[in-house]
Amino acid sequence: MKRRIFAFALIISLLASLLSSCSFALPPQKQVREYFGYFDTFSSLTVYTSDEELFESAADELDSLFEDYNKLFDIYHSYDGVTNLRTINENAGKGALKVDERLIAALEFGKQMQDLTNGHTNIALGSVISLWHEAREYSKKNPDSAYIPDADAIKSALLHTDIDALVIDRSSLTVKITDEKLLLDLGAISKGYVAERAAELILSLGIKNFLINLGGNVLSCGQKPDGSEWSAVVEDPFGKSKDGFTSPISISDRTLVTSGSYQRYYTVDNKNYSHIISKDNGMPPERFVSVSIICPYSQSGLADALSTALFCMSLEEGRALVESLEDVSVLWIFPDGSFEQTDGFGGAK
Amino acid sequence: MRKSDLLLLSSVLAIALIVFGICAALYLGKGETVVVRVDGEEYARLPLDEDAELLIEGVNGGTNLLIIKDGKAYISEATCPDLVCVHTGHADELKSIVCLPNRVTVSIEK
Chain A
-13 MKRRIFAFAL IISLLASLLS SCSFALPPQK QVREYFGYFD TFSSLTVYTS
37 DEELFESAAD ELDSLFEDYN KLFDIYHSYD GVTNLRTINE NAGKGALKVD
87 ERLIAALEFG KQMQDLTNGH TNIALGSVIS LWHEAREYSK KNPDSAYIPD
137 ADAIKSALLH TDIDALVIDR SSLTVKITDE KLLLDLGAIS KGYVAERAAE
187 LILSLGIKNF LINLGGNVLS CGQKPDGSEW SAVVEDPFGK SKDGFTSPIS
237 ISDRTLVTSG SYQRYYTVDN KNYSHIISKD NGMPPERFVS VSIICPYSQS
287 GLADALSTAL FCMSLEEGRA LVESLEDVSV LWIFPDGSFE QTDGFGGAK
Chain B
1249 MRKSDLLLLS SVLAIALIVF GICAALYLGK GETVVVRVDG EEYARLPLDE
1299 DAELLIEGVN GGTNLLIIKD GKAYISEATC PDLVCVHTGH ADELKSIVCL
1349 PNRVTVSIEK
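First to last, the protein sequences are chains A and B. My numbering applies: residue -13 is where the first sequence begins, and numbers increase by one. My numbering applies: residue 1249 is where the second sequence begins, and numbers increase by one.
Below, the structure written as structure tokens:
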């Protein structure tokens, strides 16, 4: 009888230990949330976790973060009860406006990037960018009468791009533009900047291993559950290699941002014009087809600003700027398919 | 050792093996899977190693034709104006196919 009891006890304990080890051994599942309709692009959050509830609530919070910033940064639409970039632009030359603190912070960041990049990333370039936007939208719908903006129109728009006309008052949370023809456009930094805010949010919710993709701006923290690193490739701007221009690059705790003329462009008389505009002449630069930046994940806004700025700078100027910064690597791809990269970028093949 | 003890022992072992088997199957998974999502919601999940065709109904009536052939998944045709999804080529672990107008994505997951 004693032996029988012993046997039962053995069975129960064996089963219990097996079951518990099984549930502990259950691997974290890959959870993905995709977002459409923000920043005119596609975004996603990827987390490996066995805590589905935590993931869902984090993904919901990220959804509202995207929604908020999308409204604040929108220059084409107005939203009830929101003072956004469009409102600020419409009030250029008029009085000061009280705006959301998050918009103040983003505009301040924009000013910093203006200083850092010698004006190549300029959030006050909206008057010129809008000429190109108009021409691009029209030309895509009417390819037969496609056009580029008039040179004189560009010239006069360039006169209204001085960032100093943007006056930010931190203490009263107000913003005013003193040049009535100046337009703000955060396009050159918005995705990276918001990806950075997104990462802060996800980390604050206790998720340490994740990847955020905001319209091609990729940012990741931690590792995958098997200990391997998150990785990404730089897209082949020529579309030849479907596997990418580079081998997979480890981006754990890093961000990878690319500015490329192949992403958004339109065609006039067989010539392609990209959406990136130089502050020097108001035209799309043609030195490179893409410039990619890798830097720490917490500087995704910087990476975005740099990718635009370096796209507009000469190789030498870009190199000098990057060398003055810490922990930033770059890959420049030229129209002929050749490339240059700084030490530490790695991956180009 | 009595016969019943032997029975007991072997049944414990059998249960252990079964439980272990389930765990192992869950842990190792079954190779790569093609995951299709529409507007953020999972739409279909197909094995990458089985040839298949799937007409994905995206948002606003748009469609994308997914082809799985020889271990590769790609969009062969679509109703969207830009056809970025078609030009993307095949999806892999690092690169999903994204169709913005139809809000369709195709990803490879392990």
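For every residue, glycine included, the Cβ atom is placed at its ideal position computed from N, Cα and C.
Determine the chain B residues that contact residue 19 (chain A) at a beta-carbon separation under 9 Å, and present them in chain order.
-> Within 9 Å Cβ-Cβ: 1288.
Pull up the DSSP beta-bridge partners for residue 258 (chain A), would you.
-> The partner list for residue 258 (chain A) (beta bridge, DSSP) reads A:253.
Proximal residues of chain B, C-beta to C-beta of residue 271 (chain A) below 7 Å = For residue 271 (chain A), there are no neighbours in chain B by C-beta distance under 7 Å, as the nearest C-beta there is about 23 Å away.
For residue 101 (chain A) and residue 108 (chain A), the rounded distance between their alpha carbons | If you take the alpha carbons of residue 108 (chain A) and residue 101 (chain A), they lie about 9 Å apart.
Does residue 1280 (chain B) have its Cβ less than 9 Å from a Cβ in chain A?
-> When Cβ-Cβ separations below 9 Å define contact, residue 1280 (chain B) makes no contact with chain A.
Within 10 angstroms of its Cβ, does residue 1349 (chain B) collect 16 or more other Cβ (buried), or is it exposed?
-> By the 10 Å Cβ count, residue 1349 (chain B) comes out buried.
With residue 47 (chain A) and residue 187 (chain A) assumed to form a contact (beta carbons below 8 Å), what rounded beta-carbon distance in angstroms separates them?
-> A Cβ-Cβ separation of about 6 Å places residue 47 (chain A) in contact with residue 187 (chain A) under the 8 Å criterion.
Examine the Cβ distances between the stretch 70 to 87 of chain A and the stretch 181 to 199 of chain A and report whether three or more of them are shorter than 8 Å.
-> The stretch 70 to 87 of chain A vs the stretch 181 to 199 of chain A: no contact.
Residue(s) in a DSSP beta bridge with residue 1326 (chain B) | Answer is B:1312.
Quick one: does residue 1342 (chain B) have its CB under 9 Å from some CB of chain A?
-> By this cut-off, residue 1342 (chain B) is an interface position.
Touching by the beta-carbon criterion (3+ pairs, under 8 Å), the stretch 256 to 264 of chain A and the stretch 203 to 221 of chain A = Short answer: they don't touch.
Hey, is residue 1293 (chain B)'s beta-carbon within less than 9 Å of any beta-carbon in chain C?
-> Protein chains in the displayed structure are A and B, and chain C is not among them.
Nearest residue (CA-CA) to residue 1318 (chain B), options B:1301, B:1311, B:1328, B:1253 = Comparing alpha carbon positions, the residue from B:1301, B:1311, B:1328, B:1253 closest to residue 1318 (chain B) is B:1301.
DSSP-derived helix/strand/coil call for residue 75 (chain A) | Three-state result, residue 75 (chain A): helix.
For residue 42 (chain A), three-class secondary structure by DSSP = When DSSP states are grouped into helix, strand and coil, residue 42 (chain A) belongs to the helix group.
How do the stretch 17 to 34 of chain A and the stretch 136 to 147 of chain A stand: do at least 3 beta-carbon pairs fall below 8 Å, yes or no?
-> No contact exists between the stretch 17 to 34 of chain A and the stretch 136 to 147 of chain A.
Using the Cα positions of residue 326 (chain A) and residue 247 (chain A), report the straight-line distance between them to the nearest angstrom.
-> Roughly 17 Å between the two C-alpha positions.
C-beta atoms of residue 178 (chain A) and residue 147 (chain A) nearer than 9 Å = Against a cut-off of 9 Å, the Cβ pair of residue 147 (chain A) and residue 178 (chain A) comes out as no contact.
Identity of the residue in A:34, A:85, A:91, A:132 nearest residue 14 (chain A) by Cα = Nearest option by C-alpha distance: A:34.
Using a Cβ cut-off of 9 Å, which residues of the stretch 1298 to 1319 of chain B contact any Cβ in chain A, in chain order?
-> Of all residues in the stretch 1298 to 1319 of chain B, 1307 have a Cβ within less than 9 Å of some Cβ in chain A.
List the endpoints of the continuous alpha helix (DSSP H) containing residue 118 (chain A).
-> First-last of the alpha helix (DSSP H) with residue 118 (chain A): 112 to 127.
Compare the C-alpha of residue 1287 (chain B) against each of B:1308, B:1338, B:1298 and name the closest.
-> The shortest C-alpha separation from residue 1287 (chain B) is found at B:1308.
Consult DSSP for residue 201 (chain A) and reduce its assignment to one of helix, strand or coil.
-> In the displayed model, residue 201 (chain A) falls within coil according to three-state DSSP, outside both helix and strand.
According to the Cβ coordinates, are residue 296 (chain A) and residue 287 (chain A) closer than 9 Å?
-> Going by C-beta atoms, residue 296 (chain A) is not nearer than 9 Å to residue 287 (chain A).
In whole angstroms, what is the alpha-carbon distance linking residue 118 (chain A) and residue 332 (chain A)?
-> When rounded, the distance between both Cα atoms is 35 Å.
With distances taken between CB atoms, is the gap from residue 282 (chain A) to residue 313 (chain A) smaller than 9 Å?
-> Yes; because the gap between Cβ atoms is below 9 Å, this pair is in contact.
By the 10 Å Cβ neighbour count, where 16 or more other Cβ atoms means buried, how is residue 173 (chain A) classified, buried or exposed?
-> Residue 173 (chain A) comes out buried.
Residue from A:120, A:167, A:242, A:193 whose Cα sits closest to the Cα of residue 251 (chain A) = The shortest Cα separation from residue 251 (chain A) among A:120, A:167, A:242, A:193 belongs to A:120.
Would you report the Cα separation of residue 166 (chain A) and residue 114 (chain A), rounded to the nearest angstrom?
-> The alpha-carbon separation between residue 166 (chain A) and residue 114 (chain A) amounts to approximately 14 Å.
Could you name the residues of chain B that residue 217 (chain A) contacts, counting a contact when the two beta carbons are closer than 8 Å?
-> Simply 1342.
For residue 1327 (chain B), which residues in chain A fall below 9 Å Cβ to Cβ?
-> What residue 1327 (chain B) touches in chain A: nothing, since even the nearest Cβ is about 17 Å away.
Members of the stretch 28 to 50 of chain A near chain B, C-beta cut-off 7 Å | Those residues of the stretch 28 to 50 of chain A placed with their C-beta closer than 7 Å to a C-beta in chain B are 28, ordered along the chain.
Contact check, residue 104 (chain A) vs residue 269 (chain A), beta carbons under 9 Å = Annotated as distal: residue 104 (chain A) and residue 269 (chain A), with beta-carbon spacing of 9 Å or more.
Among A:42, A:273, A:53, which has the Cα closest to the Cα of residue 27 (chain A)?
-> The option with the nearest alpha carbon to residue 27 (chain A) is A:53.
Cβ-based neighbour list, residue 1290 (chain B), same chain, cut-off 7 Å, excluding 5 preceding and 5 following = Exclusion of the five residues before and after residue 1290 (chain B) leaves 1283 as the residues of its chain whose Cβ lies within less than 7 Å of its Cβ.
Through-space distance from residue 310 (chain A) to residue 106 (chain A), alpha-carbon basis = Roughly 16 Å separates the two Cα atoms.
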